[in-house]
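What follows is a single structure, written as structure tokens, with notes after it.
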Amino acid sequence: KKKKKKKKKKKKKKKKKKEIGEGEGEGEERRRRRRRRRRRRRRRRRRRRRRRRRRRRRRRRRRRRRRRRRRRRISILIILI
Numbered sequence: 001k002k003k004k005k006k007k008k009k010k011k012k013k014k015k016k017k018k019e020i021g022e023g024e025g026e027g028e029e030r031r032r033r034r035r036r037r038r039r040r041r042r043r044r045r046r047r048r049r050r051r052r053r054r055r056r057r058r059r060r061r062r063r064r065r066r067r068r069r070r071r072r073r074i075s076i077l078i079i080l081i
């Protein structure tokens, strides 16, 4: 019987702690990137909202016409009675 070779465990490299000055600089860059992304998203949302508003206005106009027709029918029924 052949002896099984033992697998060597890989040592995890310890991350060096960055100096306080370096860490702050990186944080600022990340924040700036996030802000840019948010602005782009807001612009897209505004465009979508405008389209939705136009559709809603059309629907409202149709509903108003229907209401007027109902009122006329009621008035005609009252006259007939």
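Numbering (full-length UniProt numbering), first residue to last: 1 to 81. Every residue, glycine too, gets a C-beta built ideally from N, C-alpha and C.
CA-to-CA distance, residue j to residue i, given in whole angstroms
i     : j     : result
LYS15 : LYS8  : 21 Å
LYS12 : LYS3  : 28 Å
ILE74 : LEU80 : 10 Å
ARG72 : ILE78 : 10 Å
Cβ-based neighbour list, residue i, same chain, cut-off 6 Å, excluding 5 preceding and 5 following
i     : result
ILE76 : none
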